[in-house]
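Below is one structure, written out as C-alpha cells; comments come after it.
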Amino acid sequence: MKVRQIIYAAKFEGSPKESDFKIVDEDLGDQLKENEFFYEAIYISCDPYVRLLSDSYIVGKTTIPGYQLAKVLESKNPKFPSDSILVMNVGWRTGGKSDGSDVWYDRTDIPKNVPMSAGVGIFAMTGLTAYYGVNYVLKPKAGDTILVSGSAGAVGTVVGQLAKGMGCRVIGSCGSMEKIKFVKSVGFDDAFNYKTESVAEGLKRLAPKGVDLYFDNVGGSFSSAVLESMNKGGRVACCGAVSSYNSKVPAQAPVIQGTMALNSLSLQGFNIFDDIPAYADEIYVALKQWAGEGKLKQHEYLTSGFESLPSTFIGMLRGKNFGKTIVNM
Ligand code: NDP
C-alpha cells in the first residue's frame, strides 16, 4: 500500500506558512501480520492544538499530528474487520497500517441520519470536549447566562447548541459580522465581534445582568476581561487559548487573582487526553442522543484534497472557518 504523509519541514514562526509543510511518500508493502490492518483516510480533522504542540516537533521528521476518520480496507485484526469506520490518531496521512494501538474511537455505528463527517466533529474530539466542558465542568442550570468565546468555531458551535438545549441564555464572541449571523443561525441568542467591540461593552449590551458561566476557547487578555463581568460564584471552563498560539512572543494578560477571589470565581482546565477518556463512552451515547433528537447538528467548513491540509490549517488559525474544519479526501 502506498500512502502520503505531511511532515514538519520548517519551524513555525508566528503564523505557519505552506513552506513549513512537506508531503512525503511512503510504501507500506502489501503484507499484514496477525492483528494488523490497512486503512484509508476519509476525513482529516484540522485542529489548533497542532500549532500549540509544535515546540515538540522535529524538523524534517515529525508527521504533523492529527486525527482522521478512516475506513479499514483489509484486516487481520478481529476487533477491526474490513469496512470498520475508525477515528485514528495517526497524524496527517492518507492511510496506513495499524495494529489497533492508534485507534482512538470505533465509529462504525455512526447513525445513518447524521453525516459521516460527524465522525471527526461532533462524535470525536470536538463534541467530546464541548460536552465534557459543559456538563462536567460548567454544569449549567436553566436560566444561566453563558458566554462562549471562539463561538463560531468547531468546539464553540457545539457548546452553544448544548447550552441552548439546557435552557441557558447563550452569548458568543467571534471575529466578524458574518460569524455573528452564523452563530445566531446555530442557536446562540446573540454574539459580539471582539475585533470591533470591547468585552466590557459587548457584555454590558448583551448580558446586562452579568455572566454566570464562561466556556473559554481563546484565553489571553480577552478572557481576563470576561472575569470582570462575571457574577458571584461564576465558573470558567478553560478549554484552550487559541488567541496566543501564533504569538511570536509570550502572551501577556492582566492579573486575574484579585477578581477571582472577590467574586468567588472558579476556573477549571481540562483536556481530551487526560480528563475525558474515562467518560468518552457515556458522552458518545449522549451526543448520539442529542443528534438523533435533532438538537445537535454538525456545522462544518469542508475543503477537499490531502494537499490542501496546510492551507486549510493556516486559514483555520486565522479565522477562515465557520464551524468544524475538515479536509475531505
Ligand atoms: P476553531 O474551530 O474555534 O478555530 C480556531 C478559531 O480561533 C478561528 O476560527 C478564529 O475565530 C479563532 N481565533 C483565531 N485567533 C484568535 C484570536 N486572536 N482571538 C480570538 N479568537 C481567535 O477551533 P476549535 O474549535 O477546534 O478549538 C477551539 C479551542 O478549543 C482552541 O483553543 C483549542 O486549542 C481548544 N481545544 C481544546 C481541547 C481540550 O482538550 N482542552 C480539545 C479541542 C480543542 P474568529 O474568526 O472568531 O477569530
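Residue numbers (this note's numbering): 7 to 335.
The beta carbon of each residue, even a glycine, is placed where N, CA and C say it ideally should be.
Closer than 8 Å to a non-hydrogen atom of ligand 3 - does that hold for the CB of residue i?
i	result
Gly225	Questions concerning ligand 3 fall outside what the structure shown contains, since the ligands it does hold are ligand 1.
Leaving aside the five residues before and after residue i along the sequence, list all residues of the same chain whose C-beta is less than 7 Å from its C-beta, in chain order.
i	result
Asn237	Gly216, Val217, Asp218
Lys239	This sequence places Gly at residue 239; Lys is not what is there. Only Ser270 meet the Cβ criterion.
Ser88	Val78, Leu79, Glu80, Ser81
Glu252	For the record, residue 252 in the displayed sequence is Asn; it is not Glu. The answer, listed in chain order, is Gly20, Ser21, Arg57, Leu323.
Ser182	Asn199
Ser90	Val78, Asp112, Thr114
Pro121	Gln304
Ile278	Met131, Leu134, Thr135
Leu233	Ile262, Thr265, Met266, Leu271
If you follow the beta strand (DSSP E) that residue i is in, where does it begin and where does it stop?
i	result
Tyr220	217–222
Val205	No beta strand (DSSP E) holds Val205; the alpha helix (DSSP H) holding it covers 205–212.
Arg57	Where Arg57 is concerned, there is no enclosing beta strand (DSSP E), although the alpha helix (DSSP H) it sits in stretches over 55–58.
Glu32	27–33
Tyr14	8–14
Ile152	151–154
Ser272	272–275
Val109	109–112
If we define contact as Cβ-Cβ less than 9 Å, is residue i a contact residue for chain D?
i	result
Pro54	Absent from the structure: chain D. Only one protein chain is present.
Where DSSP assigns a beta bridge to residue i, which residues make up the other side?
i	result
Ser104	Phe43
Gln74	Ile50, Met94
Phe188	According to DSSP, which records beta bridges pairwise, Phe188 is partnered with nothing at all.
Asp196	Ile177
Leu308	Ile332
Thr69	Ile13
Ser81	Phe43
Met183	Met183 is not bridged to any residue.
Between residue i and ligand 1, is the CB less than 8 Å from at least one heavy atom?
i	result
Phe18	no
Lys330	yes
Ile282	yes
Ile177	no
Val248	yes
Lys326	yes
Val161	yes
Lys337	Past the edges of the chain, shown from 7 to 335, lies residue 337, and the structure says nothing about it.
Asn95	no
Ile278	yes
Gly125	no
Gly208	no
Thr318	no
Tyr55	yes
Asn252	yes
Quick check on residue i: buried or exposed, where buried means 16 or more other Cβ atoms within 10 Å of its Cβ?
i	result
Val109	buried
Leu268	exposed
Asn327	buried
Arg113	buried
Thr135	buried
Ala213	buried
Leu5	Any property of residue 5 remains undetermined from this structure, which presents the chain solely from 7 to 335.
Asp36	exposed
Tell me the residue span of the alpha helix (DSSP H) that contains residue i.
i	result
Lys170	160–171
Val291	286–298
Ala247	Ala247 -> no alpha helix (DSSP H), and no H or E assigned at all.
Gln263	263–268
Val255	Element bounds for Val255: n/a, residue is neither H nor E.
Leu233	226–233
Pro316	315–323
Thr132	131–138
By Cβ distance below 8 Å, which residues in the same chain neighbour residue i in space, the five residues on each side in sequence not counted?
i	result
Ile332	Tyr49, Ile50, Ser51, Cys52, Ser123, Val126, Gly127, Glu306, Tyr307, Leu308, Thr309
Ser25	Ala15, Ala16
Phe194	Val154, Ser157, Gly166, Lys170, Val176, Ile177, Gly178
Quick one: what's got a C-beta closer than 6 Å to residue i's C-beta in the same chain, skipping five residues either side?
i	result
Gln74	Ala47, Ile50, Met94
Val224	Ser155, Gly156, Val248, Ser249
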